[in-house]
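Here's the structure we're looking at; comments come further down.
What follows is the structure in structure tokens.
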């Protein structure tokens, strides 16, 4: 019954966007993530690729699409660092999958819910990222939970501003 | 079976992607002999290709952003803040915007010009060859303190080249792309630079901590380390030249992992979070300005000239000593007969006033004192008390002084006979010298010829 309900909501609420919006938004997120810290004196308390991944996964309500987008974004971010390629990819893959899965069960039009989802998935992404380093790879990478908390808060604030703007680019029938 | 794949399609896709990434991760990690895992410092071909693609995607927009940073910022601000007012005051606002942009652009250009001027001054004075570059982007992650510069393999940049500013060291080149390069900053956790504390001369390794602050690790607890002490590069890491400023000691904290060890937090001399222009040391061969090179060349030439003169003087001295060795028999009596050696072999057989020619088998006689041309009271045998007659000059006049004998020839050059020793100095020549230089005798301050 719940599956039918989810299908019903998905059929009724799946949003689509022009291909150009997909391309430009993802590219802008990746480029700004690499460029903005220069203007912000090195503070990297945000994760634009994650925010964009969560947005499209929620809006499309498609776990596979969220998974693929998260994997692509994460791998791209890894490629810009000097760390192993794949840690961010796994973290954002999981985040994208969960966002896409939640999209079929919650009301994605509500800004507060979307902010909370972004906050939770940011924290989860950080936890997965450092777990991969410590547990899976056995590497020593120090981390500060306050920084990760701040990053989740800032991501939620960015989502609050960015999601309504991206909503305006939806293709409406 | 088909329904299984359809039903669990989402999960299967997720698992497949996760599995692929985990395998990829496992291929990048290496197990060291010390039992710890570490990332392969040299990327594999596939990984490097991914990084190159990412760099190719990100760098052009970053370069464009960097080139028109003010324009983009102004456009953004105008769009957000002035969208409605621009409609009302369009003409006036356009003028104000244009002037504001121009002013800000000029101001920024002036600041950038000042920075570049300072950088160029430093670059020209710096002894090593450097390449100026501009920071255009970052990794976007606070766990990876790397940034990108707009020079790459096209400017002959290579891996592990030191990156500095006039204020202090910044990092090292980690990866080089065709038109850009990735720089690992000194405040990254995986960086490492050999440093030394200037006053206490304590050496350590500098690396970043989780908060992105550079710290010196692995130092035994030492009371002498005080905040404010300068930190310099030690030069032992083969990346940073010795003596470059790193920063100053900010505080000393206990190492949480090891008892008895401390971590020295360093306030970096270079502004790592607001880097614009940096210098990459492309060659550690000392490079001197043209003026200094000219001075060094002149110095080398003078050294060569002096060496030649010294060699010539040594040669002359050697030649003169040879001549003196040949002339020494003349000190005794050049007129001695040729059969004298047999008689001279017996001590006391020599006639008064004549020295015997030393035989080859007889050890050389003790050097005989020469009479000074201008003896005084310190001259042996001349400082006699008043009333005591001076040594008879008659015996001295017959003996040619070596100086007198050598003096004319040393000026005019030696004859071939003299060189070979085949012909002794002629008697009349010796006599004429003696006549012209009679030995004076000093008595009570008066000189008597």
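Residue numbers (the working numbering), protein chains in the order written: chain A, -7 to 165; chain B, 44 to 492. By construction, the Cβ of each residue, glycine as well, lies at the ideal position given by its N, Cα and C atoms.
Have a look at the DSSP bridge pairing and note the partners of residue 288 of chain B. Start at 1 with the first residue of the second chain, and residue 288 of chain B comes out as number 245. B:275.
Return the chain-ordered ranges of every beta strand (DSSP E) run that is complete within the segment 231 to 270 of chain B and spans a minimum of 3 residues. 236 to 240, 246 to 251 and 257 to 263
Look at the alpha carbon of residue 52 of chain B and the alpha carbon of residue 147 of chain B, and state the distance between them as a whole number of angstroms. The residue labelled residue 52 of chain B in the question sits at position 9 within the second chain. The residue labelled residue 147 of chain B in the question sits at position 104 within the second chain. If I take the Cα positions, the gap works out to 56 angstroms.
Locate the beta strand (DSSP E) running through residue 205 of chain B, then write down its first and last residues. For the purposes of this step, residue 205 of chain B is identified with residue 162 of the second chain, where counting begins at 1. It spans 205 to 207 - the beta strand (DSSP E) in which residue 205 of chain B sits, taken as one unbroken run.
Let me confirm a value: residue 27 of chain A is counted as buried when at least 16 other C-beta atoms fall within 10 Å, else exposed. Which label applies? Taking the first chain and counting its residues from 1, one reaches residue 27 of chain A at position 35. It counts as buried.
In whole angstroms, what separates the C-alpha of residue 131 of chain B from that of residue 144 of chain B? In the second chain, the residue the question calls residue 131 of chain B occupies position 88. In the second chain, the residue the question calls residue 144 of chain B occupies position 101. Their backbone Cα atoms lie some 20 angstroms apart in a straight line.
Amino acids of chain A, ordered along the chain, whose beta-carbon sits closer than 8 angstroms to that of residue 72 of chain B: Reading the second chain from its first residue, position 29 is the one you call residue 72 of chain B. Ordered by position in chain A, the residues that pass the 8 angstroms Cβ test against residue 72 of chain B are 76, 129, 130 and 131.
Do you know whose CA, among B:180, B:365, B:287 and B:279, lies nearest residue 98 of chain B's CA? Residue numbering aside, residue 98 of chain B sits at position 55 when the second chain is read from its first letter. Comparing Cα-Cα distances from residue 98 of chain B to each of B:180, B:365, B:287 and B:279, the minimum goes to B:180.
Chain B contact for residue 95 of chain A (CB, 8 angstroms cutoff): Counting from 1 along the first chain, the entry for residue 95 of chain A is found at position 103. So, not an interface residue.
Any beta-carbon of chain B closer than 8 angstroms to the one on residue 63 of chain A? Locating residue 63 of chain A in the first chain gives position 71, counting from the first residue. Yes, residue 63 of chain A lies at the interface with chain B (some Cβ there is under 8 angstroms from its Cβ).
Neighbour list for residue 299 of chain B in chain A, Cβ cutoff strictly below 9 angstroms: For the purposes of this step, residue 299 of chain B is taken as residue 256 along the second chain, with counting starting at 1. Under the 9 angstroms cutoff, chain A gives no residues; its nearest Cβ is about 10 angstroms from residue 299 of chain B.
If you draw a straight line from the alpha carbon of residue 13 of chain A to that of residue 66 of chain A, how long is it in whole angstroms? The sequence position of residue 13 of chain A within the first chain is 21, counting from 1. The sequence position of residue 66 of chain A within the first chain is 74, counting from 1. About 19 angstroms.
Residue 91 of chain B: CB within 7 angstroms of a non-hydrogen atom of the ligand MG: The ligand content of the structure shown is nil, which means the ligand MG is not present either.
Distance between residue 287 of chain B and residue 169 of chain B (C-alpha atoms, nearest Å): Locating residue 169 of chain B in the second chain gives position 126, counting from the first residue. Locating residue 287 of chain B in the second chain gives position 244, counting from the first residue. Whole-angstrom Cα-Cα distance: 11 angstroms.
Scan the segment 81 to 96 of chain B for residues whose Cβ lies nearer than 8 angstroms to a Cβ of chain A and list them as they occur along the chain. 81, 82, 90, 93, 94 and 96
DSSP state of residue 35 of chain A, grouped into three classes? What you label residue 35 of chain A is simply residue 43 of the first chain in a count that begins at 1. Residue 35 of chain A falls in the coil class under three-state DSSP.
Straight-line Cα distance separating residue 69 of chain B from residue 255 of chain B: Mapped onto the second chain, residue 255 of chain B falls at position 212. Mapped onto the second chain, residue 69 of chain B falls at position 26. If you take the alpha carbons of residue 255 of chain B and residue 69 of chain B, they lie about 27 angstroms apart.
Backbone secondary structure at residue 215 of chain B - three-state DSSP: As a working mapping, residue 215 of chain B is identified with position 172 in the second chain. DSSP places residue 215 of chain B in strand when its eight states are reduced to three.
For residue 120 of chain A, which residues in the same chain have their Cβ closer than 7 angstroms to its Cβ, ignoring the five residues on either side in sequence? Reading the first chain from its first residue, position 128 is the one you call residue 120 of chain A. 82, 83 and 86.
According to DSSP, is residue 150 of chain A part of a helix, a strand, or is it coil? On the first chain, position 158 is the one that residue 150 of chain A refers to. The answer is helix: DSSP assigns residue 150 of chain A an H, G or I state.
Which residues in the same chain have their Cβ closer than 7 angstroms to the Cβ of residue 163 of chain A, if we skip the five residues on either side of it in sequence? Stepping through the first chain from its first residue, residue 163 of chain A is reached at position 171. Taken in chain order, the residues that qualify are 8, 9 and 10.
Tell me, please, whether the CB atom of residue 30 of chain A is closer than 8 angstroms to any CB atom in chain B? Locating residue 30 of chain A in the first chain gives position 38, counting from the first residue. Interface residue, yes.
Output, in chain order, the set of chain B residues within a Cβ distance shorter than 9 angstroms of residue 82 of chain A. One-based indexing of the first chain puts residue 82 of chain A at position 90. Result: 60, 61, 64, 65 and 68.
Name the chain A residues that come within less than 8 angstroms of residue 105 of chain B, Cβ to Cβ? Taking the second chain and counting its residues from 1, the one referred to as residue 105 of chain B is at position 62. Correct list: 23, 26 and 27.
Is residue 147 of chain A close to chain B? Criterion is C-beta to C-beta, closer than 8 angstroms. Mapped onto the first chain, residue 147 of chain A falls at position 155. With 8 angstroms as the cut-off, residue 147 of chain A does not count as an interface residue toward chain B.
Chain A within 8 angstroms of residue 148 of chain B, Cβ atoms only: For the purposes of this step, residue 148 of chain B is identified with residue 105 of the second chain, where counting begins at 1. Cβ-Cβ to chain A under 8 angstroms: no for residue 148 of chain B.
In chain A, which residues lie less than 7 angstroms from residue 185 of chain B when you measure between Cβ atoms? Looking up residue 185 of chain B in the second chain gives position 142. Chain A residues near residue 185 of chain B: 36 and 139.
Since residue 237 of chain B and residue 245 of chain B should fall inside the 8 angstroms C-beta cutoff, what is the C-beta to C-beta distance between them, to a whole number of angstroms? Within the second chain, residue 237 of chain B is the residue found at index 194, counting from 1. Within the second chain, residue 245 of chain B is the residue found at index 202, counting from 1. Wrong, their Cβ atoms sit about 12 angstroms apart, outside the cutoff.
Check the Cβ-Cβ distances between residue 156 of chain A and every residue of chain B, and say whether any is below 8 angstroms. On the first chain, position 164 is the one that residue 156 of chain A refers to. Not one chain B Cβ lies under 8 angstroms of residue 156 of chain A.
If you measure beta-carbon to beta-carbon, which residues of the segment 238 to 260 of chain B are closer than 8 angstroms to chain A? 252, 253, 254 and 255
Flag residue 178 of chain B as yes if its beta-carbon sits less than 8 angstroms from any beta-carbon of chain A, otherwise no. Taking the second chain and counting its residues from 1, the one referred to as residue 178 of chain B is at position 135. Interface residue, yes.
is_contact[residue 132 of chain B, chain A] using C-beta, thresh 8 angstroms: By 1-based counting over the second chain, the position of residue 132 of chain B is 89. Not an interface residue.
Roughly how many whole angstroms lie between the Cα atoms of residue 33 of chain A and residue 316 of chain B? Numbered from 1 along the first chain, position 41 holds the residue referred to as residue 33 of chain A. Numbered from 1 along the second chain, position 273 holds the residue referred to as residue 316 of chain B. Cα-Cα distance, rounded: 5 angstroms.
Have a look at B:235, B:352 and B:294 and flag the residue whose alpha-carbon is nearest the alpha-carbon of residue 278 of chain B. The sequence position of residue 278 of chain B within the second chain is 235, counting from 1. The option with the nearest alpha carbon to residue 278 of chain B is B:235.
Are the beta-carbon atoms of residue 308 of chain B and residue 258 of chain B separated by less than 8 angstroms? What you label residue 308 of chain B is simply residue 265 of the second chain in a count that begins at 1. What you label residue 258 of chain B is simply residue 215 of the second chain in a count that begins at 1. Their beta carbons are under 8 angstroms apart, which means residue 308 of chain B touches residue 258 of chain B by this criterion.
Please name the residue or residues paired with residue 74 of chain B in a DSSP beta bridge. Within the second chain, numbered from 1, the residue matching residue 74 of chain B stands at position 31. Beta-bridge pairing links residue 74 of chain B to B:80.
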